[in-house]
Ligand SMILES: [Zn+2]
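In this note's numbering, the protein residues as written are 40 to 278.
Structure below.
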């Protein structure tokens, strides 16, 4: 295969790959997968928040329990002093006041504890709902992926074979031509190579002046269009 034939084939391969890629991106499953991913992202954010709140609440409950334990001990100690045989009236009323104070504190802690336990239940429910939703989204995503694979098997096989052939075309071209092709491909959105048809390049279709035409006929098979600067294959004309 001549280098200009490889270049023309490379151009056709790349244009077909572009069309394939567009078709693949436009498959309905891709839109659904993107929506699922957005929903998963949102759920993950909510879950992080819920788990953080749940852990905080668990710690607060542990603190309440510790504090309650501490108050119980304190109450026992105060009661023990009250049992002392030498306790007089003043001490007794002081002890009474201490016990009342401790009881109030315990009541407050008990109330707080109850509220935290309720909050923990709500958070636990929210967390399990979020995890359930997450699992459902994962399932849906896998189903969409599966459908995408099934519906695009032929297109993917075609893309693989084009990519294989593409490697062979690149191997038949020198580095400078590949570099110029890549640059033109980017610049012209894919339409990088034109052929000289008579004295008209196939894409820009600006008729060549006779002097330019005769220059081009003497140039390499792969040259540059003097008008639009795409790669220009002239070999067929020269032949
Ligand atoms: Zn041109």
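A virtual CB, placed ideally from N, CA and C, is assigned to each residue, including glycine. From a predicted model like this one, the values you see are computed outputs, not experimental measurements.
query: Say the cut is 7 Å; is the CB of residue 261 nearer than that to a heavy atom of ligand 1?; result: no
query: Using a threshold of 7 Å, is the CB atom of residue 272 nearer than that to any non-hydrogen atom of ligand 1?; result: no
query: Contact criterion: CB-CB distance below 8 Å. Does residue 183 meet it with respect to chain D?; result: Looking for chain D here will not work: only one protein chain is present.
query: Return helix, strand or coil for residue 232, following the three-state DSSP convention.; result: strand
query: Along the chain, where does the beta strand (DSSP E) that runs through residue 279 open and close?; result: A query on residue 279 cannot be resolved here, the shown segment of the chain reaching from 40 to 278 and no further.
query: Is any heavy atom in ligand 1 found nearer than 7 Å to the beta carbon of residue 220?; result: no
query: Relative to the alpha-carbon of residue 60, which residue among 150, 194, 154, 190 has its alpha-carbon at the smallest distance?; result: 194
query: Does the beta-carbon of residue 266, which I'm using as the reference point, lie nearer than 7 Å to any heavy atom of ligand 1?; result: yes
query: Which ranges does the alpha helix (DSSP H) cover as unbroken runs of at least 4 residues, wholly within the region 180 to 238, from first to last along the chain?; result: 192 to 210, 214 to 226
query: Please check the pair residue 207 and residue 41, which I expect to be a contact at CB under 8 Å, by giving their CB distance rounded to whole angstroms.; result: Their Cβ separation, rounded to whole angstroms, is 13 Å, which puts residue 207 and residue 41 out of contact at 8 Å.
query: Using a Cβ-based criterion (distance less than 7 Å to any ligand heavy atom), does residue 269 qualify as near ligand 1?; result: yes
query: When burial is assigned at 16 or more other CB atoms within 10 Å of the CB, is residue 136 buried or exposed?; result: exposed
query: Flag residue 239 as yes when its Cβ comes closer than 7 Å to any non-hydrogen atom of ligand 1, and as no otherwise.; result: no
query: Can you give me the start and stop residues for the alpha helix (DSSP H) that residue 75 sits inside?; result: 67 to 122
query: Could you compute how far the alpha carbon of residue 169 sits from the alpha carbon of residue 85?; result: 8 Å
query: Would a C-beta distance cut-off of 8 Å place residue 46 and residue 232 closer than the cut-off?; result: yes
query: Would you mind working out which of 248, 216, 103 sits nearest residue 155, comparing C-alpha positions?; result: 103
query: Would you check whether ligand 1 has a heavy atom nearer than 7 Å to the C-beta of residue 232?; result: no
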